[in-house]
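Each number in the numbering used here comes from the position in the sequence shown (counting from 1) with 1 added on.
Ideal Cβ positions, reconstructed from N, Cα and C, are used throughout, including at glycine.
Worksheet: the structure to be examined is printed underneath.
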Amino acid sequence: MTESVRIKVEDARTFITDILGKLDLHLADARAVADDLVTSNLWGVDSHGILRLPIYVERLLNGAVKSHPEIKTVGGRGGFEVMDGDSGLGFIVGRRAMDRAIALADEHGVAAVNVRNSNHFGAAGLYVKQATDAGMIALSMTNVGPNLVVPGGAKPITGNNPIAFGAPTPLGFPLILDISMSSVAGGKLLLAKEKGEKIPFGWATDKQGKPTDDPATGFDGFLLPLGGHKGFGLSLMVDILCGVVSGGAFQFDLKSMYAFPEDPSGTGHLMLVIDPDAFLGKSAFLDRMGTFCATIKASPMWDDTARMLIPGELEHERWQQRLTDGLPLPRSLLADLTDIAARLEVAVPGTVAA
Numbered sequence: 002m003t004e005s006v007r008i009k010v011e012d013a014r015t016f017i018t019d020i021l022g023k024l025d026l027h028l029a030d031a032r033a034v035a036d037d038l039v040t041s042n043l044w045g046v047d048s049h050g051i052l053r054l055p056i057y058v059e060r061l062l063n064g065a066v067k068s069h070p071e072i073k074t075v076g077g078r079g080g081f082e083v084m085d086g087d088s089g090l091g092f093i094v095g096r097r098a099m100d101r102a103i104a105l106a107d108e109h110g111v112a113a114v115n116v117r118n119s120n121h122f123g124a125a126g127l128y129v130k131q132a133t134d135a136g137m138i139a140l141s142m143t144n145v146g147p148n149l150v151v152p153g154g155a156k157p158i159t160g161n162n163p164i165a166f167g168a169p170t171p172l173g174f175p176l177i178l179d180i181s182m183s184s185v186a187g188g189k190l191l192l193a194k195e196k197g198e199k200i201p202f203g204w205a206t207d208k209q210g211k212p213t214d215d216p217a218t219g220f221d222g223f224l225l226p227l228g229g230h231k232g233f234g235l236s237l238m239v240d241i242l243c244g245v246v247s248g249g250a251f252q253f254d255l256k257s258m259y260a261f262p263e264d265p266s267g268t269g270h271l272m273l274v275i276d277p278d279a280f281l282g283k284s285a286f287l288d289r290m291g292t293f294c295a296t297i298k299a300s301p302m303w304d305d306t307a308r309m310l311i312p313g314e315l316e317h318e319r320w321q322q323r324l325t326d327g328l329p330l331p332r333s334l335l336a337d338l339t340d341i342a343a344r345l346e347v348a349v350p351g352t353v354a355a
């Protein structure tokens, strides 16, 4: 028996929307979250897609996450604002913040929106895509509870705080880089656990700091930083920008949604947007981005069968393929979703041939 099944993209969107609707989200919000989760799966970022729906459902049911948050601006000046997410779903808060940052950048050229009191917002790349769709350059980042140990350290003091960068291109897809400050995102361990796979040594340690190849042990333990002290230093930068300067939670005041499922996470975000029109004009910028990307693509590879890829290119190709083939889900995840659907009286999507 195959370890995974496939579901149609539109069936996945409908299913997630129906589940979240049963949890009292506004229809527009439920559809937005469904779009974001499905987008992650279409990109092939399965660690941040439908895999995360069960924990979001649990936290909505127990009240850790509010279905109707009062998201509001609480400070700022000029092109810079601070927003309070009122413990809403991070997707809803993050979208609102990036929409506002785009509007401010349209007025000021450069803008940033800081967010406090939010929750897990999925893949950071989702938000820079909002900006590139509007013809703008963007950074998005978020902080998480401590799960990252400095090389040689015995206790985590910062999270694997992800950063995404996006820029429009004339290629039919944007350049998007989305990376966490750990060797791999924690969701990769969660996905390996669902699939019953081992993980490479060097991804994570157990709670005593001993390297492990067991994804469950690693997920409950600590992640190792990307590039040693470099990833560790960048994770501190993100925590300052998302937690310290926002007036929100940072370091040990942040709560992991898995370790503390009944507590608001207190997550912070930063959305920074640059309008190329404020510098040399969008048309000229796109022309130069075309040259920039062409230079990358023309770079020779020692292996003639390999391709030079621009960040975001592989995700674009997966998107096209998965629109046709459907979204792969581990059978264990489908079983979890079936249980949730029965509890909330929602129809389970049918599977398609792999």
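Coil, strand or helix - residue i by DSSP
i: Asp-264; result: coil
i: Ala-139; result: strand
i: Ala-104; result: helix
i: Asn-115; result: strand
i: Thr-376; result: The structure shown has nothing for residue 376, since the chain only spans 2 to 355.
i: Lys-67; result: strand
i: Pro-51; result: Note that residue 51 corresponds to Ile in the displayed sequence, not to Pro. Looking at Ile-51 - three-state DSSP - the assignment turns out to be helix.
i: Leu-310; result: coil
i: Met-302; result: coil
i: Met-99; result: helix
i: His-109; result: helix
i: Ser-5; result: strand
i: Pro-329; result: strand
i: Ser-353; result: The residue you asked about is not Ser; residue 353 is Val in the sequence shown. Strand at Val-353.
i: Phe-286; result: helix
i: Gly-234; result: helix
Local Cβ density within 10 Å of residue i, reported as buried at 16 or more and exposed below that
i: Ala-155; result: exposed
i: Arg-117; result: buried
i: Arg-344; result: exposed
i: Pro-331; result: buried
i: His-49; result: buried
i: Trp-204; result: buried
i: Leu-191; result: buried
i: Ser-41; result: buried
i: Leu-315; result: exposed
i: Asn-161; result: buried
i: Thr-339; result: exposed
i: Gly-64; result: exposed
i: Thr-306; result: exposed
i: Thr-213; result: buried
i: Phe-280; result: exposed
i: Glu-82; result: buried
i: Asp-288; result: exposed
i: Ala-299; result: exposed
i: Arg-78; result: exposed
i: Leu-324; result: exposed
i: Thr-18; result: buried
Closest by C-alpha distance to residue i, when choosing among the options
i: Glu-263; options: Pro-175, Thr-339, Glu-11, Ser-88; result: Ser-88
i: Ser-257; options: Gly-45, Lys-9, Val-66, Ala-13; result: Val-66
i: Leu-335; options: Leu-21, Gln-322, Leu-43, Pro-350; result: Pro-350
i: Gly-269; options: Gln-252, Leu-225, Glu-198, Val-58; result: Gln-252
i: Met-309; options: Ile-297, Trp-320, His-317, Ala-125; result: Ile-297
i: Leu-237; options: Ser-266, Phe-293, Pro-147; result: Pro-147
i: Asp-100; options: Thr-159, Val-46, Ala-33; result: Ala-33
i: Phe-202; options: Lys-196, Thr-218, Gly-110, Val-75; result: Thr-218
i: Leu-172; options: Glu-71, Gly-95, Met-182, Glu-318; result: Glu-318
i: Ser-108; options: Lys-130, Ala-139, Val-114, Gly-80; result: The question names Ser, but residue 108 is Glu in the sequence shown. Out of Lys-130, Ala-139, Val-114, Gly-80, Gly-80 has the C-alpha closest to the C-alpha of Glu-108.
i: Asp-45; options: Val-151, Ala-124, Pro-265; result: One point to set straight first is that residue 45 is Gly, not Asp, in the sequence displayed. The residue with the shortest Cα to Cα distance from Gly-45 is Ala-124.
i: Ala-135; options: Leu-105, Ala-348, Val-145; result: Leu-105
i: Val-145; options: Ala-139, Lys-199, Ile-158, Leu-54; result: Ile-158
Identified DSSP bridge partners for residue i
i: Ile-177; result: Gly-167
i: Gly-77; result: Glu-82
i: Arg-344; result: Paired residue(s): none; Arg-344 is not in a bridge.
i: Ser-183; result: Pro-226
i: Thr-213; result: Ala-205
i: Gly-157; result: The sequence shown places Pro at residue 157, rather than the Gly named in the question. DSSP output for Pro-157 lists no bridge partner at all.
i: Met-272; result: Val-114, Ser-141
i: Gly-89; result: Lys-67
i: Leu-149; result: Thr-159, Leu-224
Practice problem: Within the segment 10-40, note down every full alpha helix (DSSP H) run reaching 4 residues or more, in order along the chain. | Solution: 10-23
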